[in-house]
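Okay, so here's the structure we're looking at.
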Amino acid sequence: MAFSERKMPGICSVFLLVVLFAHSCHGFYLPGSYMHTYSTSDTIVAKVNSLTSIETELPFSYYSLPYCKPLGGVKKSAENLGELLMGDQIDNSPYRFKMNVNESLYVCTTSPLNEHEVKLLKQRTRDLYQVNMILDNLPVMRIAKQNGVSIQWTGFPVGFTPPNSNDDYIINHLKFKVLVHEYEGSGVQIIGTGEEGMGVISEADKKKASGYEIVGFEVTPCSVKYDPEVMTKLHMYDSISPVNCPLELDKSQIIRERERISFTYEVEFVKSDIRWPSRWDAYLKMEGARVHWFSILNSLMVITFLAGIVFVIFLRTVRRDLTRYEELDKEAQAQMNEELSGWKLVVGDVFREPDCAKLLCVMIGDGVQITGMAAVTIVFAAFGFMSPASRGMLLTGMIILYLFLGIAAGYAAVRLWRTLKGTSEGWRSISWSVACFFPGIVFVILTVLNFILWGSKSTGAIPISLYFVLLSLWFCISVPLTLVGGFLGTRAEAIQYPVRTNQIPREIPARKYPSWLLVLGAGTLPFGTLFIELFFILSSIWLGRFYYVFGFLLIVLLLLIIVCAEVSVVLTYMHLCVEDWRWWWKAFFASGSVALYVFLYSINYLVFDLQSLSGPVSAILYLGYSMIMAIAIMLSTGTIGFITSFYFVHYLFSSVKID
Numbered sequence: 060m061a062f063s064e065r066k067m068p069g070i071c072s073v074f075l076l077v078v079l080f081a082h083s084c085h086g087f088y089l090p091g092s093y094m095h096t097y098s099t100s101d102t103i104v105a106k107v108n109s110l111t112s113i114e115t116e117l118p119f120s121y122y123s124l125p126y127c128k129p130l131g132g133v134k135k136s137a138e139n140l141g142e143l144l145m146g147d148q149i150d151n152s153p154y155r156f157k158m159n160v161n162e163s164l165y166v167c168t169t170s171p172l173n174e175h176e177v178k179l180l181k182q183r184t185r186d187l188y189q190v191n192m193i194l195d196n197l198p199v200m201r202i203a204k205q206n207g208v209s210i211q212w213t214g215f216p217v218g219f220t221p222p223n224s225n226d227d228y229i230i231n232h233l234k235f236k237v238l239v240h241e242y243e244g245s246g247v248q249i250i251g252t253g254e255e256g257m258g259v260i261s262e263a264d265k266k267k268a269s270g271y272e273i274v275g276f277e278v279t280p281c282s283v284k285y286d287p288e289v290m291t292k293l294h295m296y297d298s299i300s301p302v303n304c305p306l307e308l309d310k311s312q313i314i315r316e317r318e319r320i321s322f323t324y325e326v327e328f329v330k331s332d333i334r335w336p337s338r339w340d341a342y343l344k345m346e347g348a349r350v351h352w353f354s355i356l357n358s359l360m361v362i363t364f365l366a367g368i369v370f371v372i373f374l375r376t377v378r379r380d381l382t383r384y385e386e387l388d389k390e391a392q393a394q395m396n397e398e399l400s401g402w403k404l405v406v407g408d409v410f411r412e413p414d415c416a417k418l419l420c421v422m423i424g425d426g427v428q429i430t431g432m433a434a435v436t437i438v439f440a441a442f443g444f445m446s447p448a449s450r451g452m453l454l455t456g457m458i459i460l461y462l463f464l465g466i467a468a469g470y471a472a473v474r475l476w477r478t479l480k481g482t483s484e485g486w487r488s489i490s491w492s493v494a495c496f497f498p499g500i501v502f503v504i505l506t507v508l509n510f511i512l513w514g515s516k517s518t519g520a521i522p523i524s525l526y527f528v529l530l531s532l533w534f535c536i537s538v539p540l541t542l543v544g545g546f547l548g549t550r551a552e553a554i555q556y557p558v559r560t561n562q563i564p565r566e567i568p569a570r571k572y573p574s575w576l577l578v579l580g581a582g583t584l585p586f587g588t589l590f591i592e593l594f595f596i597l598s599s600i601w602l603g604r605f606y607y608v609f610g611f612l613l614i615v616l617l618l619l620i621i622v623c624a625e626v627s628v629v630l631t632y633m634h635l636c637v638e639d640w641r642w643w644w645k646a647f648f649a650s651g652s653v654a655l656y657v658f659l660y661s662i663n664y665l666v667f668d669l670q671s672l673s674g675p676v677s678a679i680l681y682l683g684y685s686m687i688m689a690i691a692i693m694l695s696t697g698t699i700g701f702i703t704s705f706y707f708v709h710y711l712f713s714s715v716k717i718d
């Protein structure tokens, strides 16, 4: 009681501080970056990201094409690890606006196009490359109407090719619409987690924060043929007359040799009722919510079905057999053992060391690491801590989590090794193997893909400097933590088997069909839980869409874990019932075989949904990244199934009396 009284003042103080802090706050906004407010006539500079295409999936630098460059030269924006790995290259641009000032301006006129520039422009136009611009951290949006339905895209095309024509036309005039919301410093406190870092707007900053917020950024692209003789007399940012987008091709700017292309733009500021915290809603409109719910209901049905089977196994079969077995005296048990069939006959072999025990330990360790990384990332994303406003934050967070979860991987692998071998000898080798196994596979695949990207001169290629950064992070963080985890695994208490293992292995009865067929077929059930969400994820990666339904993904992850556990337990029990005591690898692949179906579905998606993907380079890139995803899913789901089956078998045989 005295201990409680001493603690009370501290608890009261913390509670009082929380109440005071909550009272001083009128509201919070977690996702997104720190809010900027602008006064009238403040200069705002748009940025440009890499050119992207759903046809090739090869990003290229904006300035790889003959576009106008800023007066002070091209300057790269600071990029995080995730942005670099995704192929983003954010630069400044010559497009600058003045808050609430509508104007039409001239940018520049190129020198006469040479053969190489014409070929490059035509190729980028035919490959449907999009220009991606950013203003105040918002991607530019293009809205068009087709059959009376508004369709929105991020970015705008490099150019266009009219139907039944060999001519290509470049987009050289941009009509921007900037949506602004007047902010009067109402005392709303805003906490940002975006690329600008943490920041709070408080009552003291009310006057300073008053102004205009940018809440929308739209563009209407046009192709306009200008007289180069007239345009070259102008200087950058000279005013021009507003331009109407021409519908006739003879008034559009064709791409051909010796042509001089003039670039212009106009900007209109429009007041909007959209508030700053809601400005990303237009980009994150959740489509197909009913499909997500259907996927979840479908998974729940699978889980209920499997749970029923597990329930029958535990309550009707296992409990009944154990009760009968325990009620018999020793002589009766000996007589019964001669007549027994099923899992009770493999009691002396069920914990016999599996083939390739070291590889199994390594894969389980890496599976623990990947599962932990995925779970923590999805939970954080579901609660809004990884906003799309923070480009690359999701991938950066995943890499950092993976590095630090090396300690869990080393611990799990070495403890399983101790359990199998009964000794800690060789734990360093296990820890090193865990640290190198999955990263080594990823490194080999990425290196091959990187040589392909280097050959294509794509910004998607990982720079040599970034390779050294990644290797340094792995060697300085992941490897030491994995070794520390392995050392802790040697100090942890080994899991004791409930039964002794016979010296001579029991012969496994012949079966009519290979047991691996059943194992491979079991992967269809976890895949049924996953495949609808997988479609949305693949669409976001390869079709340039935003994926932000992490709440659904968190539910699907939980359902997937349950299905993997149930499938593995059922398959393990079925193998033990036919006196097959080699359950270790089969328990792993019963749920891990879902990766095979994920990879096959990825191929199906490539053939039927990415029909526009052109060229062998793009297909190789797609299949390479799909292979990495499938291997990660195999290690994760296999680990979930194996750990569940191990404890199921341990529980099952710990209830059997053996003399």
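If you're matching positions, the sequence shown starts at 60 in the working numbering and goes up one per residue. Glycine included, every Cβ here is placed at the ideal spot set by N, Cα and C.
| Query | Result |
| --- | --- |
| Cβ contact (3+ pairs, closer than 8 Å) linking the stretch 191-199 and the stretch 271-282 | yes |
| Alpha-carbon spacing of residue 310 relative to residue 291, whole angstroms | 19 Å |
| Limits of the unbroken beta strand (DSSP E) element including residue 282 | Where residue 282 is concerned, there is no enclosing beta strand (DSSP E), given that its DSSP letter is neither H nor E. |
| Beta bridge counterpart(s) of residue 522 as assigned by DSSP | Paired residues: none, contrary to the question. |
| Continuous beta strand (DSSP E) assignments of at least 3 residues falling wholly in the stretch 480-552 | none |
| Residue 631 - partner residues in DSSP beta bridges | Answer is none; residue 631 lacks a bridge partner. |
| Three or more C-beta pairs below 8 Å linking the stretch 471-491 and the stretch 645-654 | no |
| Sheet register partners of residue 275 (DSSP bridge) | 238 |
| Stretch-stretch touch, CB-based, cutoff 8 Å, three pairs: the stretch 107-123 with the stretch 146-154 | yes |
| Spatial neighbours of residue 471 in its chain, beta-carbon cut-off 7 Å, leaving aside the 5 residues before and after | 423, 424 and 427 |
| C-alpha distance - residue 521 paired with residue 94, whole-angstrom precision | 32 Å |
| As assigned by DSSP and simplified to three states, the class of residue 99 | coil |
| Range covered by the alpha helix (DSSP H) that runs through residue 185 | 174-185 |
| Own chain, CB closer than 6 Å to residue 186, minus 5 neighbours either side, in chain order | 112, 114 and 115 |
| Residue 181 to residue 125 span [Cα, whole Å] | 12 Å |
| Integer Cβ distance of residue 585 from residue 628, believed to fall under 8 Å | The pair is not a contact, with the Cβ atoms about 13 Å apart (cut-off 8 Å). |
| For residue 251, the three-state DSSP class (helix, strand or coil) | Note that residue 251 has pLDDT 37, beneath the 50 cutoff, so the model's placement of it is unreliable and no number is given. |
| Inter-residue Cα distance where the pair is residue 159 and residue 680 | 44 Å |
| Local conformation of residue 164 per DSSP, three classes | strand |
| Assigned secondary structure, residue 267 (DSSP; H/G/I helix, E/B strand, else coil) | For residue 267, the predicted structure reports a pLDDT of 47, less than 50, and the residue's modelled location is therefore unreliable. The matter cannot be settled from this model. |
| Nearest candidate by alpha-carbon position, reference residue 128, set 168, 516 and 498 | 168 |
| Separation of residue 440 from residue 720, as counted between CA atoms | Past the boundaries of the shown model lies residue 720; the chain is included only from 60 to 718, so the question cannot be answered. |
| CA-to-CA distance, residue 303 to residue 88, given in whole angstroms | Note on residue 88: pLDDT 38, under 50, position unreliable in the model; no value is reported. |
| Contact under 8 Å by Cβ, residue 408 with residue 561 | yes |
| Pick from 660, 592 and 708 that is closest to residue 641, judged by C-alpha positions | 708 |
| One or two residues paired with residue 565 in a DSSP bridge | In DSSP, residue 565 forms no bridge with anything. |
| Beta carbon of residue 431 nearer than 8 Å to that of residue 139 | no |
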